[in-house]
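Note that full-length UniProt numbering numbers the sequence shown so that position 288 is 288, with each residue one more than the last.
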Amino acid sequence: VRGGPVTLSLPTPVHQTRNVENNNPPSNTTFPAFALSKFFFERFPSWLDYHDLKKRLSKISHVTNLFVSRKKTSRGRWFGFVSFLSTLKESEICDSLNLIWFDSYKIRANPVRFQKDPEGKKPDLVIKPQPQPKAMPKLTFRDSRTFVEALSVTKHPKKMVYYESIPDDKEWLLRSLVGSINTNVDYAHLEHMVLKNIRPTVGFHFLGASQAVITFPNRESMEKELVNGSSVLKTSFSHLKPWKKGAKATDRFVWVSILGLPLIGWNRRCIESIIEKAGKMVGYEITSVSQGSLTGVKVLLSTTSFETLNEHVLLVLDGDEFDISIMEMKPDFCPHRLQSNIQWILLQH
Numbered sequence: 001v002r003g004g005p006v007t008l009s010l011p012t013p014v015h016q017t018r019n020v021e022n023n024n025p026p027s028n029t030t031f032p033a034f035a036l037s038k039f040f041f042e043r044f045p046s047w048l049d050y051h052d053l054k055k056r057l058s059k060i061s062h063v064t065n066l067f068v069s070r071k072k073t074s075r076g077r078w079f080g081f082v083s084f085l086s087t088l089k090e091s092e093i094c095d096s097l098n099l100i101w102f103d104s105y106k107i108r109a110n111p112v113r114f115q116k117d118p119e120g121k122k123p124d125l126v127i128k129p130q131p132q133p134k135a136m137p138k139l140t141f142r143d144s145r146t147f148v149e150a151l152s153v154t155k156h157p158k159k160m161v162y163y164e165s166i167p168d169d170k171e172w173l174l175r176s177l178v179g180s181i182n183t184n185v186d187y188a189h190l191e192h193m194v195l196k197n198i199r200p201t202v203g204f205h206f207l208g209a210s211q212a213v214i215t216f217p218n219r220e221s222m223e224k225e226l227v228n229g230s231s232v233l234k235t236s237f238s239h240l241k242p243w244k245k246g247a248k249a250t251d252r253f254v255w256v257s258i259l260g261l262p263l264i265g266w267n268r269r270c271i272e273s274i275i276e277k278a279g280k281m282v283g284y285e286i287t288s289v290s291q292g293s294l295t296g297v298k299v300l301l302s303t304t305s306f307e308t309l310n311e312h313v314l315l316v317l318d319g320d321e322f323d324i325s326i327m328e329m330k331p332d333f334c335p336h337r338l339q340s341n342i343q344w345i346l347l348q349h
């Protein structure tokens, strides 16, 4: 009826009640227990990176701590300690560790049996009464050495070795000449030149870096060549004499690599000044300057030092300072043993 009261029928709202207890798990649900376990492991390669090792161990379970020692065990093996926080049993983790391989290296692992107290508490120390030490009588010693003797360092005597040579030891030496190599001689072709032009010869050897031994088939031919004196021997050697008992090498050949040298210093005078204390320059490897990449100069030296050369030189070139590194490459590498694919030349003035 127009103008009369109107009754509206509205839908009853549905109230959704959320049980707060739904967030809690049922009383019968159990979570796995996490346990902290620590293991000692060894027998991994020295080239293995720390992060790669940790990444591999993390595949077993969560790694909480990883320690890799910088020293080796008494058996010469690298070792370390790793801690896991895992639901796995200690035996299962240990078995997984012992199945890890790095190339030909298989890890060996064992659980750490003795660990520190997790609470970090130290036991109370019980101080026991110590008996009074007996008074020692005062002793007076008189040093009869002089002041100079007290300051001098005592040198241990050298080990004496006795040997008596036999005729076979010096048979080839009695038919050999020993001489000093002259300056500016082409070391690369010296052996070939001697064996080709001096007849008859059966052997040529560098004696260190400044001398050579030329061997003949017999003593008569050696003495004849020494008297006649061919032009090759005169121009290539000085003080050429028959072998004597005291003949020995007083120096050696050595290849060194010179790194950090600026391009303006890639010349003979500059290189000779750099290696002046190391030795005398004989030549350089031509491939180090003929390739597309100019990295360092490989130089052949004659040096009296029998220790491995590894020096750093501060080069002052036109007022600027450069740190130059001199490192030995191939010890006792003679020029006549050069491979055919490695060319070298004698540096000229």
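Positions of the beta carbon are idealized from the N, C-alpha and C atoms, including for glycine. The structure displayed is predicted, hence computed values, not measured ones.
For the 8 Å CB-CB criterion, residue 83 and residue 64 form a contact.
Assignment of residue 103 by DSSP, reduced to helix, strand and coil, places it in the coil class. In this structure, residue 87 keeps its C-beta atom at 8 Å or more from the C-beta atom of residue 129. When only Cα atoms are considered, residue 156 and residue 249 end up about 26 Å apart. The beta strand (DSSP E) runs lying completely inside the segment 172 to 222 and spanning 3 residues or more are 176 to 181, 203 to 207, 211 to 215, given in chain order. Cβ neighbours of residue 105 within its own chain (closer than 7 Å, five residues either side excluded): 43, 44, 45.
Residue 209 is positioned such that its CB atom lies no closer than 8 Å to that of residue 273. For residue 303, the enclosing beta strand (DSSP E) stretches over residues 296 to 303.
DSSP places residue 97 in the uninterrupted alpha helix (DSSP H) bounded by 90 to 97. The DSSP-derived three-state label of residue 111 is strand.
A residue is called buried when at least 16 other Cβ atoms come within 10 angstroms of its Cβ; residue 254 meets this threshold and is buried.
Taking 8 Å as the cut-off, the Cβ atoms of residue 297 and residue 266 count as close.
Listed as beta-bridge partners of residue 65 by DSSP are 83. Residue 237 places its beta carbon 8 Å or farther from that of residue 278.
Take the alpha-carbon of residue 183 and the one of residue 235: they are about 10 Å apart. The continuous beta strand (DSSP E) containing residue 35 extends over residues 35 to 42.
With contacts defined as CB atoms closer than 8 Å, residue 54 and residue 66 qualify as a contacting pair. When 228, 171, 231, 216 are compared, the shortest CA-CA separation from residue 245 is found for 171.
Of the other Cβ atoms in all chains shown, 16 or more fall within 10 Å of the Cβ of residue 256; this residue is therefore buried.
The bridge partners DSSP lists for residue 242 are 177. 8 Å or more divides the Cβ of residue 232 from the Cβ of residue 178. Following the DSSP letters along the chain, one finds residue 280 inside the beta strand (DSSP E) bounded by residues 280 to 285.
Ranked by Cα distance from residue 262, the first of 167, 316, 200, 76 is 316.
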